[in-house]
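Have a look at the structure below before the remarks.
Numbering (the numbering used here), first residue to last: 14 to 379.
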């Protein structure tokens, strides 16, 4: 396939950042319902897709719109984890709240233990504040992590009991509207609490994978999809593009051709590494054995490498794009910001390189 013929149509730019509490136009729910069931347990009619399929789906969505791809990772992950792990009574309650013929309502959530759950008759009283709730303007329920007298617990709370704080004033992935949210002395019954350290009552191979293995295809797909969009855009923009001091159009200059070819090669190599490690994880899970810590570390290192590569590729495209890329609504400007923003998630960290290196040396990092 020619790089000048990207597999996407149009150049839709979501303008959600100007409507900070309205429904997000880059929500996946209206035109891509299958994405909402990508990780749902089969008991709910979900796909429980393998990691390769999840990566390819997220990569495709992110190539069209980085924020849409990012929100897909959070809505599907939060929804699926709650569906797989809620006790039966809570599962039935949440499923019954779904509208429009859906099997399961839209979710968001953040999993750090930023709340405190105090014991109460038949449940807990929860107080806390959480950040980075991508897609919360579309959510009917949120997942919130907390500490409790029994150890870590995750609560599922209806959006009506949550206060959303307009905090998402950022550079990069603006359209995810990943606001903070909080609750103050909200009662949560035991039926809407779950423990991530325990086996889930529903779901198959996917929901028995370690958490960081579960989310690896999402972050890899977002970063590499954004980077591929950046190459699509600069290849199209380069055709006949002359700068004032240049004697030849950009697409005829060997220096640019080299940069483009190198970026494409870097991107393909990062993608191949991601697919290799995701397939290894799935094979290990399908075999019934545990997924080793070493394999999860390799997956996170691959995700970190994908994010680093995406930044390099998007930066090259931005640098070559000329003065018009300074405007925030230019696709290359968005790709540049989004690629950098994606590197700030806790899942991608240079520490994974250290762990992989220590494993290769047969020891532990110092």
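Virtual Cβ for every residue (Gly too), placed ideally from N, Cα, C.
Predicted model, so just to flag it, every value in this text is computed and none were measured.
DSSP-derived helix/strand/coil call for residue i
i, result
"residue 135", "coil"
"residue 105", "helix"
"residue 183", "coil"
"residue 361", "coil"
"residue 331", "helix"
"residue 63", "coil"
"residue 113", "coil"
"residue 140", "strand"
"residue 167", "strand"
"residue 255", "coil"
"residue 156", "strand"
"residue 261", "coil"
"residue 210", "coil"
"residue 340", "coil"
"residue 44", "Bear in mind that the predicted position of residue 44 carries a pLDDT of just 42, short of 50, making it unreliable; the figure below should be weighed with that in mind. In the structure shown, residue 44 sits in coil (DSSP, three-state: anything other than H, G, I, E or B)."
"residue 195", "strand"
"residue 281", "helix"
"residue 100", "coil"
"residue 49", "helix"
"residue 176", "strand"
Alpha-carbon spacing of residue i relative to residue j, whole angstroms
i, j, result
"residue 368", "residue 264", "41 Å"
"residue 106", "residue 167", "16 Å"
"residue 297", "residue 193", "36 Å"
"residue 154", "residue 293", "33 Å"
"residue 374", "residue 227", "27 Å"
"residue 240", "residue 254", "21 Å"
"residue 221", "residue 170", "24 Å"
"residue 190", "residue 311", "30 Å"
"residue 218", "residue 364", "28 Å"
"residue 173", "residue 286", "43 Å"
"residue 262", "residue 283", "30 Å"
"residue 45", "residue 288", "At residue 45 the pLDDT is 46, less than 50, meaning the model places this residue with poor confidence; the figure from the coordinates comes in the next sentence. If I take the Cα positions, the gap works out to 23 Å."
"residue 370", "residue 305", "16 Å"
"residue 341", "residue 102", "47 Å"
"residue 115", "residue 50", "10 Å"
"residue 315", "residue 376", "20 Å"
"residue 250", "residue 337", "10 Å"
"residue 362", "residue 269", "31 Å"
"residue 61", "residue 216", "8 Å"
"residue 181", "residue 303", "38 Å"
Neighbour-count burial assignment, residue i, 16 or more Cβ in a 10 Å radius
i, result
"residue 281", "exposed"
"residue 199", "buried"
"residue 357", "exposed"
"residue 352", "buried"
"residue 58", "exposed"
"residue 235", "buried"
"residue 290", "buried"
"residue 347", "buried"
"residue 89", "buried"
"residue 360", "buried"
"residue 83", "buried"
"residue 179", "exposed"
"residue 252", "exposed"
Residue i and residue j closer than 7 Å at C-beta
i, j, result
"residue 135", "residue 214", "no"
"residue 335", "residue 75", "no"
"residue 156", "residue 122", "yes"
"residue 79", "residue 124", "no"
"residue 109", "residue 117", "no"
"residue 98", "residue 225", "no"
"residue 100", "residue 210", "no"
"residue 333", "residue 247", "yes"
"residue 69", "residue 295", "no"
"residue 185", "residue 350", "yes"
"residue 326", "residue 260", "no"
"residue 139", "residue 165", "no"
Integer Cβ distance of residue i from residue j, believed to fall under 8 Å
i, j, result
"residue 243", "residue 339", "With a Cβ gap of about 15 Å, residue 243 and residue 339 do not count as contacting."
"residue 279", "residue 317", "The pair is not a contact, with the Cβ atoms about 14 Å apart (cut-off 8 Å)."
"residue 175", "residue 196", "6 Å"
"residue 93", "residue 55", "No, residue 93 and residue 55 are not in contact; Cβ-Cβ is about 11 Å, not under 8 Å."
"residue 330", "residue 355", "Going by Cβ atoms, the distance from residue 330 to residue 355 rounds to 15 Å, so no, they are not a contact pair."
"residue 147", "residue 104", "At roughly 23 Å, the Cβ-Cβ gap does not stay under 8 Å, so residue 147 and residue 104 are not in contact."
"residue 223", "residue 67", "About 15 Å separates the two Cβ atoms, so there is no contact after all."
"residue 161", "residue 130", "4 Å"
"residue 206", "residue 309", "Their Cβ separation, rounded to whole angstroms, is 26 Å, which puts residue 206 and residue 309 out of contact at 8 Å."
"residue 119", "residue 81", "With 8 Å as the limit, residue 119 and residue 81 do not qualify as a contact, their Cβ atoms being about 14 Å apart."
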